[in-house]
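This report refers to the structure that appears directly beneath it.
Residue numbers (the numbering used here): 867 to 1615.
See the structure below:
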């Protein structure tokens, strides 16, 4: 039951100090009694019971005595809470025959007496005299202590889990109902008689409607060109001459091979930081040496009490700033990179490469959203946005010719400005910069690698598409959405100009063969394709590759909804595994009707639920589609607070209540989870949602849906605990070539 007495240093049992008891009394602590009886010769035909002076234990009526439960082959146990107005308790043990109506056998001797949490005598043997004259002896163990209400609640929940199985136990993890019948419980009496559009409600202003905005306009604003005091000047040539960097940048001492030998081949590139020996600060009268490979590296310190070395991790300001807001695997990987990797590896630049209309900006925006959601501080820098601000948006195709030196210099200038803005942001604590431009020649990429030397790690991400239909569609979307053609009234004239621009790039295009790179070849359709990697290592680059392998542009809806109202919702209690209320059952039928209408033209779809019965019961009326239970979709684990109301937490656990109020994102319930923990376990769900080509209906819980919705809407992590996800409302996320669109349906109040 989780409420044993405390132990002293010598192993003895204590009831706690008077101060502890007074504190528990003030916090609403209640008297918890645990009784145990042991007899190694017991046959099992006689069941120990307890009866006594208060109604809780039968008011001296043997027929109402409390039965003890078998704890082991020889031990029986009973635990109960004494009501506050009955803290003086007289009781005795008795034995009841298991298979007959024979009289009970009451223990011999005086009553046992409990007053105010203390026994007036040591626990004596319990003696029972049988009709045959035989005396049965039981060793008695008695413990009484005051416990807090939430410990008692945890015990009760454990009892419910063990002895009161949920209504959905036995339903397999993957199941499918028959197609629902018209009329009856899914019919017009509870169905949706009106058109689905009648139930549409406005989405919030920060909704996931990126499809209506040109993706490049959502990228980082050009810091060096806006409010630009002190913007640097650059000496740039396309031939790969050295770049003049701002004098304010503090250089890192590195050993770098001759650039002419590094950037020409496709072999592996290694960057080595200089190792220097420095005396370590005195600790515990010991002095040692360590190899300093940059701020945040591990210091090996010999402990005074051990012959082995322990790691004293010191994370400096720069390292702390570059740590992701994350838990679990993401946090562990980040710490490992801080300790063991070169300093420049703390910052990662993903440099897009590819011809126009190949989906670079779309891929960059999607990757930015994913990394931000994982907790990495990520920004998307679009060079086209810099170009339009610096040189105007009405440049013709001639500006992009390979034999136009003024155009080449102008384009390289804005590329360098964007890259330096990205580096400056990284030095302020940014972690992953996504650099979005064609970067279609080796000279341009060499320029960027020289700018990055000793400052960040570079991975090239090349997008290659050979599907003429996809290219044509992307070109037409570009003419419709790009600011480059906003002032061009003639669509066909704009289309011809862009195709001329594309031809200019094609003449000088050089595929990536240098450095670390990821090549996506015909991946956007979602049918086949290839992905090639070179010199890719580390946790984050590996996650990026895994994410890109599973993304595609196939349009499909994702329907997100909370379970129907549960009995715990009605009671105002968090967590738990209660069944649906009457309103929740009504919503489950309306939802089935909605799904049938909304997905009637779809060839396939699937229903995802958590493993908790309120989501499974909500999905039960839906027929015709497979249903999959995900443990990862379970509600946030409230730990010891599970089953409590927020008012009870505020009253009984004021410090926990205030801690949660201060930082709901990082707050972790005692023995439970935080929102960051939830995000970590939801990553496989996001990957599978990206991989799916058919519609998905997800029936889950408020905290889980907040985290998932934040991914699609690209909402900051700090906002996740405050996102509104109302009951009996469906959030439809439409994924496709133009981005993400959101629509909401309110089926019930």
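We treat Cβ as the ideally placed atom computed from N, Cα and C, and that holds for glycine.
With residue 994 as the anchor, note down where its beta strand (DSSP E) starts and where it stops.
992-995
Please report the straight-line C-alpha distance between residue 1223 and residue 1326, rounded to a whole angstrom.
18 Å
With H, G and I counted as helix, E and B as strand and the rest as coil, what does DSSP make of residue 967?
coil
If you draw a straight line from the C-alpha of residue 1587 to the C-alpha of residue 1400, how long is it?
Those two C-alpha atoms are separated by around 39 Å.
Please list, in chain order, all residues of the same chain as residue 1576 whose beta carbon is under 6 Å from its beta carbon, the five residues on each side excluded.
Closer than 6 Å at Cβ, skipping near neighbours: 1586.
What would DSSP say about residue 1489, mapped onto helix, strand or coil?
coil
State yes or no: is the C-beta of residue 1542 within less than 8 Å of the C-beta of residue 1526?
no
Can you tell me which of the three DSSP states residue 1505 falls into?
helix
Give a yes or no on whether the C-beta atoms belonging to residue 1283 and residue 1091 are separated by under 8 Å.
yes
Please report the residue range of the alpha helix (DSSP H) in which residue 1577 lies.
1568-1579
Taking Cβ positions, are residue 1563 and residue 1448 nearer each other than 8 Å?
No; because the gap between Cβ atoms is not below 8 Å, this pair is not in contact.
Along the alpha helix (DSSP H) that carries residue 1545, what are the first and last residues, could you check?
1541-1557
Relative to the C-alpha of residue 1004, which candidate in 973, 1507, 1261 has its C-alpha closest?
973
So who's on the other strand from residue 1432, going by DSSP bridges?
1446
Since I believe residue 1550 is in contact with residue 1498 (beta carbons under 8 Å), could you give me their beta-carbon distance rounded to a whole number of angstroms?
6 Å
Using 8 Å for Cβ pairs, my map puts residue 1590 next to residue 1598. What's the rounded Cβ distance?
The pair is not a contact, with the Cβ atoms about 16 Å apart (cut-off 8 Å).
Whose C-alpha, out of 1423, 1324, 996, is nearest the C-alpha of residue 1381?
1324
Determine the burial state of residue 1432: buried for a count of at least 16 other Cβ atoms within 10 Å of its Cβ, exposed for fewer.
buried
Let me know if residue 902 comes out buried or exposed under the rule of 16 or more other beta-carbons within 10 Å of its beta-carbon.
Buried, since its Cβ has 16 or more Cβ neighbours within 10 Å.
Would DSSP call residue 906 helix, strand or coil?
coil
Taking only the alpha-carbon atoms, compute the straight-line gap between residue 1152 and residue 1296 and give it to the nearest angstrom.
Reliability fails at residue 1152, whose pLDDT of 34 lies under 50, so the model's placement of it is uncertain and no value is given.
Is it right to say residue 935 is buried, meaning 16 or more other beta carbons lie within 10 angstroms of its own, or is it exposed?
Looking at its Cβ environment, which holds fewer than 16 other Cβ atoms inside 10 Å, residue 935 is exposed.
Find the nearest neighbour of residue 1298 within the set 1215, 1568, 1422, judged by alpha-carbon distance.
The option with the nearest alpha carbon to residue 1298 is 1215.
Which of the three DSSP states is assigned to residue 944 in this structure?
strand
Taking residue 1273 and residue 1265 to be in contact with their CB atoms under 8 Å, please state how far apart those CB atoms are, rounded to whole angstroms.
5 Å
Alpha carbon to alpha carbon, how far is residue 1330 from residue 1291? Give it in angstroms, no decimals.
29 Å
If the criterion is Cβ atoms closer than 8 Å, does the pair residue 1428 and residue 1573 meet it?
no
Going along the chain, which residues of its own chain have a beta-carbon closer than 6 Å to the beta-carbon of residue 1484, five neighbours each way excluded?
The residues are 1429, 1430, 1454, 1565.
So, with DSSP's three-state summary, where would you put residue 1219?
strand
Would you check if the stretch 954-972 and the stretch 911-928 touch, i.e. whether three or more CB-CB distances between them fall below 8 Å?
Remark: three or more beta-carbon pairs, one from each stretch, lie closer than 8 Å, so the stretch 911-928 and the stretch 954-972 are flagged as touching.
What does a CB cutoff of less than 8 Å around residue 1500 pick up in its chain, not counting 5 residues either side in sequence?
1476, 1477, 1478, 1567, 1570
At what residues does the alpha helix (DSSP H) containing residue 1498 begin and finish?
The continuous stretches of alpha helix (DSSP H) do not include residue 1498, and DSSP gives it neither H nor E.
Please classify residue 993 as buried or exposed, where buried requires at least 16 neighbouring CB atoms within 10 angstroms.
exposed
What is the rounded straight-line gap between the Cα of residue 904 and the Cα of residue 1521?
41 Å
How big is the Cα-Cα spacing for residue 1231 and residue 1517?
So the alpha carbons of these two residues sit roughly 45 Å apart.
Roughly how many whole angstroms lie between the Cα atoms of residue 1425 and residue 1006?
59 Å
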